[in-house]
Amino acid sequence: MNKLFLRSAALAAGLTLAVSSAFAQAWPSKPVSLVVPWPAGGPSDFVARQIQNDTQKALGQTLIVENIGGVGGAMGVQKMLTGTDGHTLLLGSPLELIIPPLTLASVKYKPQDLRVVAQLVKAPLVLLARKDLPANNIEELLALAAQRKGKPLSMANTGAGSMFHLVAEKLAQATGTEFVHVPYRGSAPAMGDLMGGQVDLMFTIFAGPVPATIADGKLKAIGLATAKPLAKFPQIGALAAHPKLSGFEFDSWAGVQVPRNTPEDVALRLNKTLYDAMANPQTRQAFESTGNIVVSPMSLADLDRMYQSEIARYQAIAKSINLQPQQ
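In structure tokens:
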């Protein structure tokens, strides 16, 4: 009986492997959808359009960029997860993969339901200040905050539980500093009020128009959430260089995800195809011209470790401030 059971189990495993291999060899058998969980014209859409041509040539099928915005990007993630045949991908970031399940009770997926097959670009976060704030770096900012007993500095963010809110909370915890958190409906109105002097501080992504805004003197850069200054911007200090902020490194990254149960051969093919597309010099130049850092190719195992680490640290911050999902 035991021998019969073992033979049956081996046969079943062999059939499963054969079916998986055959599926991967036939994949893709029809056009592939790349879901962008934001409207057309935004940063995520830009990334998708840049890799579209090279990716579809390598796959031998049309790659359709599908913009599905709503619920902080969660609608696009949920759309991708309904695809069961491997032909629906996601162009996602921590903003959609990790944050919505922490903040919205209506979001039913977990970050672990997805797998990252390629991390493409990233940009560090920067702590900005209104131009007339009497502090020019993290040391001066902490000294200023300590002097303002009972009158904490205000910190803009893009909503309770947003990436920028959680990073600001981590800064407050690490340095023992109190901030008044001021939520906005998006980065644009928050940035407008920061430039207008209505709020004191804000974390945002150091890319797009932000470096020019700093260079023009409209805002101050207190520091980058990096271990050391960037080569192109040596005048902006690294927050993690401060003794109280060791390891304070945060960036916004964009990559391609698939459902966790996607066959390994398909994930491997996507990993190679996407990094080949990123090797196109014109594509690299397009990303670097907007301030993004092109990520070096990573194996699926390394991507899994990176993703699990990202999940764990944002969940830890949310737990430390008792963040509860809202209805």
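One rule links them: number in the working numbering = place in the sequence shown (from 1) + 1029. Using N, Cα and C, we set each Cβ at its ideal position, and we do this for glycine too. Predicted model only: the values in this text are computed from it and were never measured.
- Query: For residue 1249, which residues does DSSP report across the bridge?
  - Reply: 1158
- For the alpha helix (DSSP H) containing residue 1082, list its first residue and its last residue. 1072-1088
- Item | Segment contact flag, the region 1317-1328 with the region 1144-1157, C-beta cutoff 8 angstroms, min 3 pairs | yes
- Item | Straight-line Cα distance separating residue 1088 from residue 1052 | Residue confidence is low: residue 1052 scores 48 on pLDDT, short of 50, so the model does not pin down where it sits. No coordinate-derived value is stated.
- Task: Buried or exposed for residue 1186, please, with buried defined as at least 16 other CB atoms from any protein chain shown within 10 angstroms of its CB.
- Result: buried
- State the beta-bridge partners of residue 1286 as determined by DSSP. 1119, 1145
- Report the rounded CA-to-CA distance for residue 1118 versus residue 1236, giving the unit in angstroms. 25 angstroms
- Task: Specify the secondary structure class of residue 1347 as computed by DSSP and reduced to three states.
- Result: helix
- Query: residue 1098 to residue 1166, Cα distance in whole Å?
  - Reply: 37 angstroms
- Query: Can at least three beta-carbon pairs, one atom from the region 1281-1289 and one from the region 1260-1271, be found at a separation below 8 angstroms?
  - Reply: no
- Query: Smallest Cα separation from residue 1347: which of 1290, 1196, 1075?
  - Reply: 1196
- Nearest-angstrom Cα distance between residue 1308 and residue 1253? 27 angstroms
- Item | Identity of the residue in 1083, 1124, 1069 nearest residue 1233 by Cα | 1124
- What's the gap between the Cα of residue 1079 and the Cα of residue 1312? 6 angstroms
- Query: Considering only the beta carbon of each residue, do residue 1144 and residue 1296 sit closer than 8 angstroms?
  - Reply: yes
- Which term fits residue 1161, buried or exposed, when burial requires 16 or more other beta carbons within 10 angstroms of its beta carbon? exposed
- Sub-8 angstroms separation of residue 1132 and residue 1354 beta-carbons: yes
- Query: With DSSP run on the structure shown, which of helix, strand or coil describes residue 1065?
  - Reply: strand
- Message: Can you look up residue 1104 in the DSSP assignment and give me helix, strand or coil?
- Response: helix
- What is the DSSP secondary structure of residue 1216, counted as helix, strand or coil? helix
- Nonlocal neighbours in the same chain, by C-beta distance under 6 angstroms from residue 1096, ignoring five residues either side: 1065, 1068, 1069
- Message: Please state whether the Cβ-Cβ distance between residue 1128 and residue 1336 is less than 8 angstroms.
- Response: no
- Query: Which residue from 1094, 1327, 1105, 1192 puts its Cα closest to that of residue 1304?
  - Reply: 1327
- Looking only at DSSP bridge pairs, what is residue 1355 linked to? 1133
- Let me know the secondary structure DSSP gives residue 1127 once reduced to three states. coil
- Identify which residue in 1316, 1104, 1272, 1210 has its Cα closest to the Cα of residue 1184. 1210
- Task: Identify whether residue 1303 lies in helix, strand or coil by the three-state DSSP scheme.
- Result: helix
- Identify whether residue 1234 lies in helix, strand or coil by the three-state DSSP scheme. strand
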